[in-house]
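Inspection log for the structure reproduced underneath, given as structure tokens.
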Amino acid sequence: LEIEQLLCKQPWGIRRIGIWGMPGIGKTTLAKAVFNQISGGYEASCLIKHFDKAFHEQGLQRLLEEHFGKILKELPRVCSSITRPSLPGDRLSKKRTLVVLDDVYNPLVAEFFLGGFHWFGPGSLIIITSRDRSRREL
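Numbering (the UniProt record's numbering), first residue to last: 1 to 138.
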């Protein structure tokens, strides 16, 4: 897989891959295939389909509980939609985590959800699919 070769070239840290293109060309299919193939090599993993829609319908707290609650056992409550909880660093920041956010429209919402990428340990991988090439800059 070319994606695996790209991953090998990236420095060991928190790696990010953006998959962008027109609707229907297989971005989600590709991201899911990569997720299924490599998720076993991570301490924690999650795939969120239709991320922006899920974020706006469920909100930050529910998405965090649904996808990271199992990892963290207990999450702090979110006081408002503007503040992001600061998760205990020893619970997730040392874990090698795979996160796939599918169909990201607003990169700021994705970054907000991901905690500015500081929540994840070295070797973590974030894959984001989007219709808009500029979204890959996340």
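Glycine included, C-beta positions come from ideal geometry on N, C-alpha and C.
Near residue i, which residues of its chain fall below 7 angstroms by C-beta distance, leaving aside the five closest residues on each side in sequence?
i	result
Trp12	Pro122, Gly123
Shortest alpha-carbon distance to residue i belongs to which of the options?
i	options	result
Leu47	His118, Ile25, Leu30	Leu30
Ile14	Thr28, Gly69, Val109, Trp119	Trp119
Leu125	Met22, Pro23, Gly41, Trp20	Gly41
Please go through the same chain and pick out, in chain order, the residues whose beta-carbon is closer than 6 angstroms to the beta-carbon of residue i, but skip the five residues on each side of it.
i	result
Leu114	none
State the DSSP-derived secondary structure class of residue i, mapped to helix, strand or coil.
i	result
Val100	strand
Ser124	coil
Ile38	helix
Arg15	strand
Got a sec? Which residues, its chain only, sit under 8 angstroms from residue i by beta carbon, not counting five neighbours each side?
i	result
Val104	Phe51, Asp52, Ala110, Ile128, Thr129, Ser130, Arg135, Leu138
Ala54	Ile48, Leu63
Gln58	Glu66
Thr28	Lys49, Asp102, Asp103, Thr129
Where residue i and residue j are concerned, what is the direct C-alpha to C-alpha distance, given to the nearest angstrom?
i	j	result
Ile19	Lys49	14 angstroms
Ser39	Ile17	15 angstroms
Gly21	Asp132	7 angstroms
Phe112	Gly69	17 angstroms
His56	Asn106	11 angstroms
Leu108	Pro23	21 angstroms
So does residue i have its beta carbon nearer than 7 angstroms to some heavy atom of the ligand FAD?
i	result
Asp103	As far as ligands go, the structure on display features none, and thus does not contain the ligand FAD.
Requested in this report: May I ask you to verify whether the stretch 27-45 touches the stretch 92-110, counting CB pairs closer than 8 angstroms and requiring at least 3?
Outcome: At 8 angstroms Cβ cutoff, the stretches touch.
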